[in-house]
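Asks:
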Amino acid sequence: MPIRRITSAIAPEPPPERWSNCLLVDGIAYISGMVALMGDEAALAALDEYDQAKACFAKIRGLVEAAGGTMDDVVKISMFVTDIGNGGDKIWRARREFFTGNFPASTMVEVRALASPKTLIEIEAVAHIGKGPR
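Take the sequence shown: its letters are residues 330 to 463, numbered as in our numbering.
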């Protein structure tokens with residue numbers, strides 16, 4: 330069972346030896362939790378839940394496409410949010426912009442905090458790509 334690291338310019342890899350953003354194993358892409366942060370925490374503070382969710386889903390799409398799939402191949406997403414009551418509707422609105430047809434199985438969990446104080450949402454995903462890059 331070969332394991333391939335999948336990379337995408339839209340979702341820069343973390344520093345070496347921390348984790349992988351995406352691993353492809355037997356046609357299944359396992360995508361680590363994506364956040365909107367792209368190095369500028371001050372800019373992140375200006376983004377609400379909708380904008381942060383869109384940035385997370387865009388990173389997921391970039392990794393899925395780099396693995397040879399589409400967003401239709403995403404079968405499961407897990408969303409971790411800091412305020413489920415305040416941002417839930419905004420997050421679901423962003424989600425509908427990236428998924429059509431069969432929506433992926435989903436979980437949303439409220440957490441006390443995420444890795445950065447300005448981060449409001451983190452989203453991880455699993456996609457069934459099939460045979461991998463075409």
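Cβ atoms here follow ideal geometry from the backbone N, Cα and C, with glycine treated the same way.
(1) From A365, G459, I450, pick the residue whose C-alpha is nearest to that of I413; which is it?
(2) Around the C-beta of R441, are 16 or more other C-beta atoms found within 10 angstroms, so that it is buried, or is it exposed?
(3) Could you compute how far the alpha carbon of E342 sits from the alpha carbon of W348?
(4) So, are the CB atoms of M400 and G417 less than 8 Å apart?
(5) To the nearest angstrom, how far is the alpha carbon of Y379 from that of I332?
(6) Would a C-beta distance cut-off of 8 Å place S361 and E439 closer than the cut-off?
Replies: Straight from the coordinates:
(1) For the residues A365, G459, I450, the minimum Cα distance to I413 belongs to I450.
(2) Classification of R441: exposed, given that the 10 Å Cβ count is below 16.
(3) Straight through space, the alpha carbons of W348 and E342 are spaced by roughly 8 Å.
(4) With contacts defined as CB atoms closer than 8 Å, M400 and G417 fail to qualify as a contacting pair.
(5) Taking the straight line joining both Cα atoms gives about 33 Å.
(6) Taking 8 Å as the cut-off, the beta carbon of S361 is found no closer than this to the beta carbon of E439.
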